[in-house]
Every structure is written in C-alpha cells, then in structure tokens.
Amino acid sequence: MARAYAIFFFIFLLPLFICMTAIKVQAQPEGQLPADEVEALREIARQLGKKDWNFNENPCIINVSNSWNTPKSDYRPLYNNTLICNCSFTGGVCHVDTIFLKGQDLDGVLPPALAKLPYLKKVDFTRNYLNGTIPPEWASTKLEFMSVTSNRLSGSIPDYLGEITTLVYMSIESNFFYGKVPPKLGKLVNLANLILSANYLTGELPSTLKDLSNLTELRISSNKFTGRMPDFFQSWKQLQKLEIQSSGLEGPISSSISALINLKELRISDLHGAGSKFPFLGDMKNMSLLLVIIMVMLRSYSPPLLWLCKS
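Here the sequence shown is numbered in the working numbering, starting from 210 and rising by one per residue.
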C-alpha cells in the first residue's frame, strides 16, 4: 500500500506541485520597487518641483521611453531625465540606484527625502533653479556621485557632507555658497573629484584636505579665498587635473607641486602676492595642457606668462 501511495505521488501529485509552484513564482511581480521607495519618489518629486513623473508607470522597466527615462536628443543635449534601478536582488525586487535630472528648470529644493532611498548611489541635479542648501538628511546616504552644479544654492558648505564617506565625485560648482571650506571634507577619503569653482568661498583651504589622497581632480577657481596656495600638493599624488584660476589665493606656487607627476591638466592664474622661483615641472610626463598665467601682482616671475604644452 505504501508503495502504491509513493507511485501515485510521483506520477500525479509531484508534477501538480511543481506546476503550482511555477505559477506562484510567475505571479510575483518582477522589476518592482518596494512601496516605501515609490512613496519616497513621490516626496522627492514634490520637493524638487518635478511634475512629470507618471506613477502609473514602472520606473524600473529597462529600455522603455517613459516619464522616468527620456532618450538623449541632439535638440536638447544638456537635458537628462534618467532613473536607473538595480534589479539584481532576489525575488524580483528593485531598488533606485541613480537619479539624473539635468537641465529641467526645476525650481524647488534639494530633496531631503533622498535619504529614504537606501540603495541610491548617484544623483545629478545640474542646471536647474534649485534653492536652499544641501539637506542634513543626505549625511545618512551612501552616495558615491553627487552633482548640484549650476543652481541657486546658498549658505555655507555643510560640514555634515564629510559624513558621506562613500563619495567619489562631488561638485557644487556655480552656486552661491560662501564662507570657509569645512575641515570635515577631509574625511571624504574616497573622493576622486572635488569641484568647488564659481562660488563665494573665503578663508584658507583647510589642511585636512591633504588627507584626500585619492583625488584625481581639484577645481577651486573663481572664489574669494585668502591666504597662500596650499603647500601639501605632495599628498595628492594621483591628481590629474588642477584648476586654481581667479581663486583669491596668494603665491608663491609651492615647490611641492613638482610631486604631481600624474598631472595632465594644470591651470593657474591671477595669483596675488610676492614673486618667487617657479617650481620645477619637468617630471610631469603625462601633461597634455599647461596653462599658467601669472598676473602682474606676482613679480619676479621667471618663466613666460603663458605656457601651452603638448595637446
């Protein structure tokens, strides 16, 4: 009798069980965001002033043009409307990974609700009309890429940005930030690109920036800094691009700049202060562009006023 039941199970019940399991798995919606992340996106849209996200569409459908992803166009080369999900998680669950909203004339604020997307890595809100400052809620994120370039943001650079230690790229260029660069930015040890140009930043550069040993790009032009050029260039041995034009800083150019043998682009101009011997740059074998314009405020200058190296 037991043998008969076993045969019955394998012949009739087991295939039925497998079939029902398959139906159950197929019935689970794949490529879906958790409800709390959808609600977070609603909050983000309200805070940004973005009105064209359609929440009846699935933001995570790949290669489909919808309100969440707009193909790039030659007619609007500066426009970017992209949301990318990471759907590699088990059970068909997705999480928001990237939000790029560039050149959309958004006139709200940087969204505090961004912190409610725990898997978010990249945000780019370049060329909008966002005002206010960078919200403290962002300090709890795991962002790796953050650009708020060309907006109407103001106030001092928040020191809690130093808590986002996952950051690799940070640009706050072309805003209205003022005051000193917070020393806590030296905690961003993974940072490769730091772009602070075209603001109203003052004071001296904090010595803690020497701890950013992974920097490959530093741009601090068009500010109102005071004090001398930094003398800790040797700490940035990976640096490939350095721009210090009309920064307000004083000369001389530190001899430690000679240690930057990986430099490809160097732009320095409009330094204040007394003259000095120009540092040796002969070991910079990778240089593709060297632009050094020292205004009359820097006297006793030995090389030509303009150097252009191999392109």
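Note that beta-carbon positions come from the ideal geometry of N, C-alpha and C, so glycine has one too.
Task: Residues of its chain near residue 295, where Cβ-Cβ distance is below 7 Å and the 5 sequence neighbours each way are ignored - done: If you number the sequence shown from 1, residue 295 lands on position 86. The answer, listed in chain order, is 303, 304, 306 and 328.
Within this structure, are the beta carbons of residue 406 and residue 429 separated by less than 9 Å?
Within the sequence shown, numbered from 1, the residue matching residue 406 stands at position 197. Within the sequence shown, numbered from 1, the residue matching residue 429 stands at position 220. Closer than 9 Å, so yes.
Completely contained beta strand (DSSP E) runs for the segment 349-375, where each covers 3 or more residues
354-356 and 361-365
| task | Return the bridge partner residues of residue 278 from the DSSP annotation. | result | As a working note, residue 278 is residue 69 in the sequence shown. BP columns for residue 278 point to 275.
For this session: Quick one: residues in its chain with C-beta nearer than 6 Å to the C-beta of residue 377, no 5 flanking neighbours on either side, listed in chain order?
Result: Locating residue 377 in the sequence shown gives position 168, counting from the first residue. So the list reads 353, 399 and 401, once near-sequence residues are dropped.
Beta bridge counterpart(s) of residue 303 as assigned by DSSP: Counting from one through the sequence shown, the residue named residue 303 turns up at place 94. Paired residues: none, contrary to the question.
For residue 331, I'd like the list of residues in its chain whose CB is within less than 6 Å of its CB, leaving aside the five on either flank, ordered along the chain.
The residue given as residue 331 occupies position 122 in the sequence shown. Result list for residue 331: 307 and 354, in chain order.
Quiz item: Could you give the residue range of the beta strand (DSSP E) that holds residue 404?
Solution: Counting from one through the sequence shown, the residue named residue 404 turns up at place 195. It spans 402-404 - the beta strand (DSSP E) in which residue 404 sits, taken as one unbroken run.
Let's test the definition: count the other Cβ atoms within 10 Å of the Cβ of residue 287 and tell me whether it reaches 16, buried, or not, exposed.
Here residue 287 refers to the residue found at position 78 when the sequence shown is read from its first residue. Residue 287 comes out exposed.
Where does residue 297 sit, in a helix, a strand or coil, going by DSSP? What you label residue 297 is simply residue 88 of the sequence shown in a count that begins at 1. Here residue 297 sits in coil by DSSP.
query = For chain C, is any of its Cβ atoms less than 9 Å away from the one on residue 261?
reply = Absence of chain C from the displayed structure is noted, only one protein chain being present.
Requested in this report: Could you check the C-alpha separation between residue 521 and residue 465 for me, to the nearest Å?
Outcome: Not covered by the structure: residue 521. The range shown for the chain is 210 to 520.
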